[in-house]
Amino acid sequence: AQKVTQAQTEISVVEKEDVTLDCVYETRDTTYYLFWYKQPPSGELVFLIRRNSFDEQNEISGRYSWNFQKSTSSFNFTITASQVVDSAVYFCALSEGNNAGNMLTFGGGTRLMVKP
Amino acid sequence: DAGVIQSPRHEVTEMGQEVTLRCKPISGHDYLFWYRQTMMRGLELLIYFNNNVPIDDSGMPEDRFSAKMPNASFSTLKIQPSEPRDSAVYFCASSPDRGRAFFGQGTRLTVV
Numbered sequence: 038a039q040k041v042t043q044a045q046t047e048i049s050v051v052e053k054e055d056v057t058l059d060c061v062y063e064t065r066d067t068t069y070y071l072f073w074y075k076q077p078p079s080g081e082l083v084f085l086i087r088r089n090s091f092d093e094q095n096e097i098s099g100r101y102s103w104n105f106q107k108s109t110s111s112f113n114f115t116i117t118a119s120q121v122v123d124s125a126v127y128f129c130a131l132s133e134g135n136n137a138g139n140m141l142t143f144g145g146g147t148r149l150m151v152k153p
Numbered sequence: 096d097a098g099v100i101q102s103p104r105h106e107v108t109e110m111g112q113e114v115t116l117r118c119k120p121i122s123g124h125d126y127l128f129w130y131r132q133t134m135m136r137g138l139e140l141l142i143y144f145n146n147n148v149p150i151d152d153s154g155m156p157e158d159r160f161s162a163k164m165p166n167a168s169f170s171t172l173k174i175q176p177s178e179p180r181d182s183a184v185y186f187c188a189s190s191p192d193r194g195r196a197f198f199g200q201g202t203r204l205t206v207v
C-alpha cells in the first residue's frame, strides 16, 4: 500500500526566512511519481512539480527547490526567502507506476503561514 | 484553455436531498478523477475514469454515491440521499496519459 506522510501540520515563519516542508513516502513499486501541490486560501489545487522515481536530480525553480532522496524515501520542498503570498497549504502526493492513470495519494498537507 | 470547470462552486442542501456535482475536463485529457477533501480525511480519491469508462471506484464511500461520464467532456458525481457527513469540498481533475493532474476549483457541499 502506498502512503505519504507530511509530519509538519503547520509551520509559521517570518517573511524572507527559508522554510523546508518535509514529505516521506512509502511504496513497493520501483516506478512511481511524486508531486507537490499548493492550495492557497482560495481553495484550488495548484500543481508545482512532478518527479519520477528514476530522476533523483534536485530541481530549482525560482525560490522553490526540491530535494528527492530515494535512500530516505523523501521528497522535501524548500522555499527560499519566503513571501506572504506563499501562505497556503502544501500537499505532497504519490502516484504508483502501475496505475493506469495518475491516481494520487495525498499526504495530510502542511499549512504554511508567512508573516510580514 | 479554460481548465477544468466544476459547477456549482457552492451547494447547500438539506439532508435527504439529491445532489449532483458537475465537471467539464480539459479537452483531450483521457483521465478524469473525483476527489473529496475533508478536515478529517484530507484529500481522497473517490473514482476515476479512462476514456469515459470507470476504472476504479473503490474510493466511493457507499452506494449513495454514483458517478457517470457520458462523454469525454462531461462527468457528474451524484449523492442520493445526501447526509451531513457528506459535507466536503469535491474536486474534479483531469490528466493526459501520465501527465500531471489539473484540478478544478472545487465544489463546496454543505448538507444541513
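Line by line, the protein sequences are chains C and Z. Positions 38 to 153 (our numbering) are the ones given, in order, by the first sequence. Positions 96 to 207 (our numbering) are the ones given, in order, by the second sequence. Where is the CB? At the ideal position from N, CA and C, for every residue including glycine.
So what does DSSP say about residue i, is it helix, strand or coil?
i	result
Arg180(Z)	helix
Lys173(Z)	strand
Thr109(C)	helix
Val51(C)	strand
Val114(Z)	strand
Asp151(Z)	strand
Val207(Z)	coil
Val122(C)	helix
Ser122(Z)	coil
Ser161(Z)	strand
Could you name the residues of chain Z that residue i contacts, counting a contact when the two beta carbons are closer than 9 angstroms?
i	result
Phe105(C)	In chain order: nothing, as chain Z lies at least about 16 angstroms away.
Gly146(C)	Gly137 and Leu138
Met150(C)	What Met150(C) touches in chain Z: nothing, since even the nearest Cβ is about 17 angstroms away.
Leu141(C)	Phe128, Tyr130, Leu138, Leu140, Ala188 and Ala196
Phe84(C)	Arg195, Ala196, Phe197 and Phe198
Using a cut-off of 7 angstroms between C-beta atoms, extract the partners of residue i located in chain Z.
i	result
Arg88(C)	Correct list: empty, because the minimum Cβ distance to chain Z is about 11 angstroms.
Phe128(C)	Leu138
Identify the contact partners of residue i in chain Z, using a Cβ-Cβ distance below 8 angstroms as the criterion.
i	result
Glu47(C)	Chain Z residues near Glu47(C): none, gap ~13 angstroms exceeds 8 angstroms.
Glu81(C)	Phe198, Gly199, Gln200 and Gly201
Give me the Cβ distance between residue i and residue j, rounded to the nearest whole Å; I'm assuming they're in contact under 8 angstroms.
i	j	result
Phe198(Z)	Glu81(C)	6 angstroms
Lys173(Z)	Val114(Z)	7 angstroms
Roughly how many whole angstroms lie between the Cα atoms of residue i and residue j?
i	j	result
Ser102(C)	Ile116(C)	7 angstroms
Gly146(C)	Phe112(C)	13 angstroms
Ser119(C)	Thr57(C)	10 angstroms
Val161(C)	Leu141(C)	Summary: the structure shown does not reach residue 161(C), with chain C confined to residues 38 through 153, and so no result is reported for it.
Glu178(Z)	Leu116(Z)	15 angstroms
Leu138(Z)	Glu106(Z)	19 angstroms
Tyr62(C)	Asn139(C)	16 angstroms
Gln76(C)	Phe128(C)	8 angstroms
Residues of chain C with CB under 8 angstroms from residue i, in chain order?
i	result
Tyr185(Z)	Chain C residues near Tyr185(Z): none, gap ~11 angstroms exceeds 8 angstroms.
What does residue i touch in chain C if you count any residue whose Cβ is under 9 angstroms from its own?
i	result
Asp181(Z)	By Cβ distance, chain C contributes nothing, its closest Cβ being about 18 angstroms from Asp181(Z), past 9 angstroms.
Review point. If you scan the region 42–94 of chain C from start to end, which runs of the beta strand (DSSP E) of 3 or more residues do you find wholly inside it?
Key: Unbroken beta strand (DSSP E) stretches of 3 residues or longer found wholly inside the region 42–94 of chain C: 47–51, 56–58, 61–63, 69–76 and 83–89, given in chain order.
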